[in-house]
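Notes to accompany the following structure.
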Amino acid sequence: MGNGRGASRHLRIERIDALRGFALFGILQVNIQGFAWGAADPLGYLTPAAGTLDVGLRFLQAAFFEGKFYPIFAFLFGAGLAMQMRKLRHMADGDAVVARRALRRRLWILLGMGIAHGLLLYCGDVLSAYAVCGLLFLWGFDAGGADPALSARRLRAWSVACAIGAAATIFIPLAVATFAPGTTPAGAIPPDLLRAHDIYVHGGWLAQLAQRRDDEIAQQLGSIPTFWPQVFAFLALGMLAGHAGWLHYPQRYARVWAAARRIGLAVGLPCAIVGGVWDTGHALHAPGREGGWNDVLLGASSLLAAAYVAGLLAWFATDRGGRVSRWLAYAGRMSLTNYIGQSLAMNVLLSAWGLGLGARAGRAELAALAAAIFGVQLLLSRWTLARYRQGPLEAMWRRATYAGLR
Numbered sequence: 023m024g025n026g027r028g029a030s031r032h033l034r035i036e037r038i039d040a041l042r043g044f045a046l047f048g049i050l051q052v053n054i055q056g057f058a059w060g061a062a063d064p065l066g067y068l069t070p071a072a073g074t075l076d077v078g079l080r081f082l083q084a085a086f087f088e089g090k091f092y093p094i095f096a097f098l099f100g101a102g103l104a105m106q107m108r109k110l111r112h113m114a115d116g117d118a119v120v121a122r123r124a125l126r127r128r129l130w131i132l133l134g135m136g137i138a139h140g141l142l143l144y145c146g147d148v149l150s151a152y153a154v155c156g157l158l159f160l161w162g163f164d165a166g167g168a169d170p171a172l173s174a175r176r177l178r179a180w181s182v183a184c185a186i187g188a189a190a191t192i193f194i195p196l197a198v199a200t201f202a203p204g205t206t207p208a209g210a211i212p213p214d215l216l217r218a219h220d221i222y223v224h225g226g227w228l229a230q231l232a233q234r235r236d237d238e239i240a241q242q243l244g245s246i247p248t249f250w251p252q253v254f255a256f257l258a259l260g261m262l263a264g265h266a267g268w269l270h271y272p273q274r275y276a277r278v279w280a281a282a283r284r285i286g287l288a289v290g291l292p293c294a295i296v297g298g299v300w301d302t303g304h305a306l307h308a309p310g311r312e313g314g315w316n317d318v319l320l321g322a323s324s325l326l327a328a329a330y331v332a333g334l335l336a337w338f339a340t341d342r343g344g345r346v347s348r349w350l351a352y353a354g355r356m357s358l359t360n361y362i363g364q365s366l367a368m369n370v371l372l373s374a375w376g377l378g379l380g381a382r383a384g385r386a387e388l389a390a391l392a393a394a395i396f397g398v399q400l401l402l403s404r405w406t407l408a409r410y411r412q413g414p415l416e417a418m419w420r421r422a423t424y425a426g427l428r
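Printed below as a string of structure tokens:
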């Protein structure tokens, strides 16, 4: 019976890791398209010579990839915080103050890694936002004198409030575009973005470092009013899911996941399709004019992530889905190492100081390259976890978090 319980627990954790692996693949498919553009459009730009294949891929990426995978990562990050809090309290002999201190240390370390990642490897780091939102979330519960692992009622209230706030912020770019329209002519990519692109595909490492620093600062500051509230909302929902057991026992909470699937398909899918059409037209005819309804549709279409998660949890329970789940879980268990490893791989493959593929690879080639990178990561993750308990960055993070608790 004990072995049965252990196997059941392993399967529950494997599903969560598999979702992380799935999110890693989707995030890479987006990041690789915009890597050589810095703080510009996350999917890069369509050139005047773009053919039907590039236009079609741009639509698919905008509709079904952009903005659909970071919510999964943020949701799972929140669920992970809830699980970490329980584990840390156990290690601290039930002392919630000591456990929160260790969890805050864990988040500060993540923030440091995120800042270094954004400045050195990839403009558009998400680790910093996750760390700051996690710290703010814990601070909010500390201020109220409640333990997030036990306050289900407060977690529900926070989740609802954060969702409402995040929904409101998706209209901020529309307001800015309406009352303070840009001056870039329609059909023209802004000259500063073209200069940045030239540095990323032709410049040396030091030139890219300076450009990436400026782009990362601008990107992070610009994302505070819109992206960070959405991360906070998905993190809060993930905390609630981790506390309630939605991810660990999807069959027990079938109604919750059925509702998530309906919301994702009824709201997220139509907004994703319309947003993909809008975004592709924008990329073809007005690439220099960002903001507006495209951002509203992108924010609303992030709900499609709920349908992705609900559908995958159901599929992972099948024989074929279970086999795929096991492979994805290898990458998910090393999500921090693999996320930063993806940025390192993009630098080596796309930059001029590496193989220089960014100067000549088209949209389809970049998508295929992302799939190849992820395939290699699956194999390396399996090899690593067959020999070690964790990936290298996960092991370092764990040791620093648990310092003083044992």
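If you count the sequence shown from 1, you need to add 22 to reach my numbering.
The beta carbon of each residue, even a glycine, is placed where N, CA and C say it ideally should be.
Annotated as proximal: proline 93 and serine 324, with beta-carbon spacing under 7 Å. In its chain, beyond the 5 residues on either side, Phe256, Leu257, Leu259, Gly260, Ala263, Ala327, Val331 have a beta carbon closer than 8 Å to the beta carbon of phenylalanine 97.
Taking one beta carbon from each stretch, the region 38 to 47 and the region 66 to 74 have fewer than 3 pairs nearer than 8 Å; the two do not touch. Proline 213 has its alpha-carbon roughly 19 Å from the corresponding atom of alanine 199. For histidine 224, the closest of Val148, Gly378, Ala390, Leu358 by C-alpha to C-alpha distance is Gly378. In the three-state DSSP reduction, alanine 138 falls in the helix class (H, G or I). In this structure, the straight-line span from the alpha carbon of alanine 381 to that of proline 272 is close to 45 Å.
Non-local C-beta neighbours of leucine 388 in its own chain, meaning closer than 7 Å and more than five positions away in sequence, comprise Ile54, Gln55, ordered along the chain. The beta carbon of asparagine 316 lies closer than 7 Å to those of Gly297, Trp300, Asp301, His304 in the same chain, with the five residues before and after it left out.
Taking each of Met105, Val52, Gln241 in turn and checking the Cα distance to glycine 140, the smallest one comes out for Gln241.
Histidine 265 counts as buried, since at least 16 other C-beta atoms from the protein chains shown sit within 10 angstroms of its C-beta. The Cβ atoms of histidine 219 and tryptophan 59 lie closer than 7 Å to each other. Residue environment: phenylalanine 201 is assigned as exposed (fewer than 16 neighbouring CB atoms within 10 Å of its CB, all protein chains considered). Assigned with DSSP and collapsed to three states, histidine 112 falls in helix. The shortest CA-to-CA distance from alanine 84 to any of Phe95, Leu320, Pro247 is the one to Leu320. Taking 7 Å as the cut-off, the beta carbon of methionine 368 is found no closer than this to the beta carbon of phenylalanine 91. The shortest C-alpha to C-alpha distance from leucine 103 to any of Ala336, Phe254, Gln412 is the one to Phe254.
Residue environment analysis places tryptophan 250 among the buried positions, since at least 16 neighbouring C-beta atoms fall within 10 angstroms of its C-beta. Put simply, the backbone Cα of methionine 418 is about 42 Å away from that of isoleucine 211. In the three-state reduction of the DSSP assignment, phenylalanine 87 falls in the coil class, being assigned neither a helical nor a strand state.
From the listed residues Trp180, Gly290, Arg411, Ala353, the smallest Cα separation to phenylalanine 87 is found for Gly290. With respect to leucine 129, glycine 156 sits close: the two C-beta atoms are nearer than 7 Å. In the assembly as shown, proline 309 is a buried residue. Its beta-carbon has 16 or more other beta-carbons within 10 Å. When secondary structure is reduced to three states using DSSP, aspartate 147 falls in the coil class, being assigned neither helix nor strand. Taking the Cα positions, valine 148 is about 12 Å away from glycine 134. The C-beta separation of glutamate 416 from leucine 350 comes to about 16 Å, leaving the pair out of contact by the 8 Å criterion.
At a Cβ-Cβ threshold of 7 Å, arginine 355 and aspartate 39 count as neighbours.
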